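Going by the working numbering, the first residue of the sequence shown is number 519, and it counts up by one from there.
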Amino acid sequence: MKLSLALLASALGYAAANPFAPKVSRNTAKNRMNSKLMRGATAIRKLEGEEQEVDLTGYSIKFEKCQFVKQYDAEEDGGEENDSILTTKRFVIFRLCSESSCSYNYGEYIVDMETYLEAVLGYKQEVQEQYCETCNECYEKAAEQAEQEANGEQNDDEEEDEDAWKCQNMDTSSCYAECQNIENMEENGYMDAAEFTECQQLDYEDNYGNVYYAGPMCASSGSRIKIGIFTDEECSNYDESKDIENYMKNDDGYSMKLSYHLLKQTFSEGECIASCLQEDEEQNNGDDEKEAEVNEVCEELYEAAGKCESSHGFEEGIVDYENYDNQVRNEELVCDFISSLKAGHYDQTGEIVVSGGRTTLGGGAATTGGQKFAL
519 MKLSLALLAS ALGYAAANPF APKVSRNTAK NRMNSKLMRG ATAIRKLEGE
569 EQEVDLTGYS IKFEKCQFVK QYDAEEDGGE ENDSILTTKR FVIFRLCSES
619 SCSYNYGEYI VDMETYLEAV LGYKQEVQEQ YCETCNECYE KAAEQAEQEA
669 NGEQNDDEEE DEDAWKCQNM DTSSCYAECQ NIENMEENGY MDAAEFTECQ
719 QLDYEDNYGN VYYAGPMCAS SGSRIKIGIF TDEECSNYDE SKDIENYMKN
769 DDGYSMKLSY HLLKQTFSEG ECIASCLQED EEQNNGDDEK EAEVNEVCEE
819 LYEAAGKCES SHGFEEGIVD YENYDNQVRN EELVCDFISS LKAGHYDQTG
869 EIVVSGGRTT LGGGAATTGG QKFAL
């Protein structure tokens with residue numbers, strides 16, 4: 519689809535009025551800058567002429583919101599195979615909060631959803647595997663100990679005493695049942711929703727030859743991430759008339775349900791997603807002399823994200839970037855963009871929210887329904 523002169527004029531007028539809406543004017547450069555802000559950067563602080571990495575060990579990740587945004591993409595330009603000049607961008611906003619508070623001395627960040635889910639799900643998967651491995655060990659030890667006590671035997675195995683701390687806070691009865699459910703998820707009629715966080719075609723075709731795709735989307739005003747059905751391979755066009763579980767089947771053709779056991783841990787409301795302090799067995803076993811390390815998931819997200827720090831009093835905020843000083847210069851732009859997404863200017867599919875035929879998107883700028891239609 520080619521953009522006509524009338525549509526272009528309308529789009530230009532709209533973009534000039536609103537710095538946060540899809541743009542085709544000079545503000546398009548800012549959109550491209552926003553994309554660049556999503557790229558990785560190694561943060562450093564300068565201390566007495568030396569470079570020092572930012573210390574995030576006293577902070578934790580807190581999920582704030584996910585948001586789709588449909589924007590004009592000059593590179594797509596509709597194209598012969600595309601039905602739209604819009605492309606869907608997927609963002610997640612999160613904070614790094616100190617142990618004492620998340621109302622001051624925190625940083626606010628924005629990153630693309632794919633990066634966020636890949637990093638956090640990878641971390642949560644590793645935690646889950648370690649948890650169940652420890653649970654199984656403790657369960658077996660508890661069963662062995664119970665058998666020995668029943669036989670009047672004494673357990674003097676020193677090696678087991680060395681690992682006893684692992685089981686001190688482990689409720690083997692509840693954790694074992696939980697881990698068995700995870701291990702036998704498919705046998706119990708469930709599929710892991712975390713397996714659909716990358717857009718993929720479903721094994722289904724309707725009577726008209728239409729195929730559908732499953733992928734992550736924002737729900738409940740951005741407070742949750744769920745799996746939805748889309749009509750395109752980019753998972754941009756959400757089909758709200760269809761329920762994902764009606765299309766879930768195993769290899770034998772039996773209907774399945776989705777388990778959000780793992781995926782829901784990426785957007786836990788009111789809870790920290792992950793501590794940035796990397797804990798290991800030596801520290802848990804009473805060895806506090808080892809130097810604290812930053813959790814890898816925090817490093818990955820921090821380096822990939824656009825940053826809004828100084829306005830929130832973030833004490834570990836960046837003083838300088840090596841070869842990435844554009845992020846420092848454009849921090850205000852990042853803060854403004856985050857604010858626009860949090861203000862509810864877009865619905866869960868990324869469409870601009872219109873009320874009464876007009877919508878106000880900041881700075882007193884208004885957009886008519888006709889301008890929205892043109893974009």
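Positions of the beta carbon are idealized from the N, C-alpha and C atoms, including for glycine. No experiment lies behind these values; they were computed from the predicted model shown.
Legend entry - Helix, strand or coil at Thr784 according to DSSP, with G and I counted as helix: Translated into positions along the sequence shown, residue 784 becomes position 266. DSSP places Thr784 in the helix class (H, G or I) of the three-state scheme.
Legend entry - Segment contact, 8 Å Cβ cut-off, at least three pairs: the region 816 to 827 with the region 619 to 628: Contact between the region 816 to 827 and the region 619 to 628 is present: three or more C-beta pairs spanning the two stretches fall below 8 Å.
Legend entry - Status (buried if at least 16 other CB within 10 Å, exposed otherwise) for Asp770: Counted from its first residue, the sequence shown places residue 770 at position 252. Looking at its Cβ environment, which holds fewer than 16 other Cβ atoms inside 10 Å, Asp770 is exposed.
Legend entry - Length of the line joining the Cα atoms of Asn848 and Ala823: On the sequence shown, residue 848 is found 330 positions in, with the first residue counted as 1. On the sequence shown, residue 823 is found 305 positions in, with the first residue counted as 1. The straight-line gap from Cα to Cα measures roughly 13 Å.
Inset, instruction - Go to Phe612, then tell me how far its beta strand (DSSP E) extends in each direction, as first and last residue. - result: Numbered from its first residue, the sequence shown carries residue 612 at position 94. Its beta strand (DSSP E) spans residues 604 to 616.
Inset, instruction - Indicate whether the contact test is met: 3 or more Cβ pairs, each with one atom in the region 728 to 735 and one in the region 749 to 767, closer than 8 Å. - result: yes
Inset, instruction - Run the CB neighbour count on Tyr726, radius 10 Å, all protein chains shown included, and call it buried at 16 or more, exposed below. - result: What you label residue 726 is simply residue 208 of the sequence shown in a count that begins at 1. By the 10 Å Cβ count, Tyr726 comes out exposed.
Legend entry - C-alpha gap between Cys794 and Phe714, whole angstroms: In the sequence shown, counting from the first residue as 1, residue 794 sits at position 276. In the sequence shown, counting from the first residue as 1, residue 714 sits at position 196. Taking the CA atoms as reference points, Cys794 sits about 27 Å from Phe714.
Legend entry - Whole-number beta carbon distance between Leu604 and Gln585, since they are thought to touch under 8 Å: The residue you call residue 585 lines up with position 67 of the sequence shown. The residue you call residue 604 lines up with position 86 of the sequence shown. Not a contact, Cβ separation roughly 15 Å.
Legend entry - For Lys642, three-class secondary structure by DSSP: The sequence position of residue 642 within the sequence shown is 124, counting from 1. Helix.
Inset, instruction - Note down, in chain order, each residue of its chain lying with its Cβ closer than 6 Å to the Cβ of Thr606, except the 5 sequence neighbours on either side. - result: For the purposes of this step, residue 606 is identified with residue 88 of the sequence shown, where counting begins at 1. Cβ neighbours of Thr606 beyond the five flanking positions: Phe586, Lys588, Ser754, Gly868.
Inset, instruction - Would you mind stating whether Ile747 and Asp757 have Cβ atoms separated by less than 7 Å? - result: Sequence index remark: in the sequence shown, residue 747 carries index 229 (1-based). Sequence index remark: in the sequence shown, residue 757 carries index 239 (1-based). In contact: Ile747 and Asp757 (Cβ atoms closer than 7 Å).
Inset, instruction - Would you kindly check if the distance between the Cβ of Ala637 and the Cβ of Val812 is under 7 Å? - result: As a first step, residue 812 is located in the sequence shown; it is residue number 294 there, counting from the start. As a first step, residue 637 is located in the sequence shown; it is residue number 119 there, counting from the start. No, Cβ-Cβ distance for Val812 and Ala637 is not below 7 Å.
Legend entry - Sequence-distant residues of its chain with Cβ nearer than 8 Å to Gln718 (five each side left out): Translated into positions along the sequence shown, residue 718 becomes position 200. The answer, listed in chain order, is Tyr731, Ala732, Gly733.
Legend entry - Test item: CB-CB of Cys697 and Cys650 under 7 Å: Your numbering for residue 697 matches position 179 in the sequence shown. Your numbering for residue 650 matches position 132 in the sequence shown. Against a cut-off of 7 Å, the Cβ pair of Cys650 and Cys697 comes out as a contact.
Inset, instruction - With Ala737 as the anchor, note down where its beta strand (DSSP E) starts and where it stops. - result: By one-based count along the sequence shown, residue 737 stands at place 219. Run containing Ala737: 729 to 737, per the beta strand (DSSP E) assignment.
Legend entry - Beta-ladder partner(s) of Cys650, from DSSP: In the sequence shown, the residue the question calls residue 650 occupies position 132. For Cys650, which the question treats as bridged, DSSP gives no partner whatsoever.
Legend entry - Residue environment, Val871, which counts as buried when at least 16 other CB atoms sit within 10 Å: If you number the sequence shown from 1, residue 871 lands on position 353. Looking at its Cβ environment, which holds fewer than 16 other Cβ atoms inside 10 Å, Val871 is exposed.
Legend entry - Coarse secondary structure for Leu819, derived from DSSP in three states: As a first step, residue 819 is located in the sequence shown; it is residue number 301 there, counting from the start. In the structure shown, Leu819 sits in a helix (DSSP, three-state: H, G or I).
Legend entry - Residue from Lys583, Tyr577, Phe581, Leu614 with nearest C-alpha to Lys825: Looking up residue 825 in the sequence shown gives position 307. The residue with the shortest Cα to Cα distance from Lys825 is Leu614.
Inset, instruction - Could you round the C-beta distance between Ala737 and Gln866 to whole angstroms and report it? I think they count as a contact, below 8 Å. - result: The residue labelled residue 737 in the question sits at position 219 within the sequence shown. The residue labelled residue 866 in the question sits at position 348 within the sequence shown. Ala737 to Gln866, Cβ: 6 Å. Contact.
Inset, instruction - From the DSSP output, in three-state form, read off Ser691 for me. - result: Indexing the sequence shown from 1 puts residue 691 at position 173. Reduced to three states, the DSSP call for Ser691 is helix.
Legend entry - CA nearest to the CA of Ser578, picked from Ser786, Phe855, Gly670, Leu859: As a working mapping, residue 578 is identified with position 60 in the sequence shown. When each option's Cα is compared against that of Ser578, the closest is Ser786.
Legend entry - Beta-bridge pairing of Ile747 - partner residues as DSSP gives them: Sequence index remark: in the sequence shown, residue 747 carries index 229 (1-based). Its beta-bridge partners are Ala732.
Legend entry - Lys775 and Tyr708 closer than 7 Å at C-beta: Position 257 of the sequence shown, counting from 1, holds the residue named residue 775. Position 190 of the sequence shown, counting from 1, holds the residue named residue 708. Yes, these two residues count as a Cβ contact at 7 Å.
Inset, instruction - Label Ser858 either buried or exposed according to how many other C-beta atoms from any shown protein chain fall within 10 Å of its C-beta, with 16 as the threshold for buried. - result: Counting from 1 along the sequence shown, the entry for residue 858 is found at position 340. That one is buried.
Inset, instruction - Going by DSSP, name the residue or residues bridged to Arg847. - result: In the sequence shown, the residue the question calls residue 847 occupies position 329. According to DSSP, Arg847 bridges with nothing at all.
Legend entry - Selected residue, minimal CA-CA separation from Ala682, among Gly670, Thr652, Glu701: Taking the first residue of the sequence shown as position 1, residue 682 is located at position 164. Per the Cα distances, Thr652.
Legend entry - Spatial neighbours of Leu781 in its chain, beta-carbon cut-off 6 Å, leaving aside the 5 residues before and after: Looking up residue 781 in the sequence shown gives position 263. Contacts found: Ala711, Ala712.
Inset, instruction - Tell me whether the beta-carbon of Phe581 lies closer than 7 Å to the beta-carbon of Ile791. - result: To locate residue 581, count along the sequence shown from 1; it is residue 63. To locate residue 791, count along the sequence shown from 1; it is residue 273. Yes, the Cβ-Cβ distance between Phe581 and Ile791 is below 7 Å.
Legend entry - Inter-residue spacing [alpha-carbon to alpha-carbon] between Ser739 and Gly862: The residue given as residue 739 occupies position 221 in the sequence shown. The residue given as residue 862 occupies position 344 in the sequence shown. Ser739 and Gly862: Cα-Cα distance of roughly 8 Å.
Inset, instruction - For Ser759, name the three-state secondary structure that DSSP assigns. - result: For this step, residue 759 is matched to residue 241 along the sequence shown. In the structure shown, Ser759 sits in coil (DSSP, three-state: anything other than H, G, I, E or B).
Inset, instruction - Determine the extent of the beta strand (DSSP E) in which Cys584 is found, giving its start and end residues. - result: For the purposes of this step, residue 584 is taken as residue 66 along the sequence shown, with counting starting at 1. Unbroken beta strand (DSSP E) run through Cys584: 577 to 590.
Inset, instruction - Measure the Cβ-Cβ separation of Val645 and Met631 and say whether it is below 7 Å. - result: The residue given as residue 645 occupies position 127 in the sequence shown. The residue given as residue 631 occupies position 113 in the sequence shown. Not in contact: Val645 and Met631 (Cβ atoms no closer than 7 Å).
Inset, instruction - With DSSP collapsed to three states, give me the class of Gln666. - result: Along the sequence shown, read from residue 1 onward, the residue named residue 666 stands at position 148. Three-state result, Gln666: helix.
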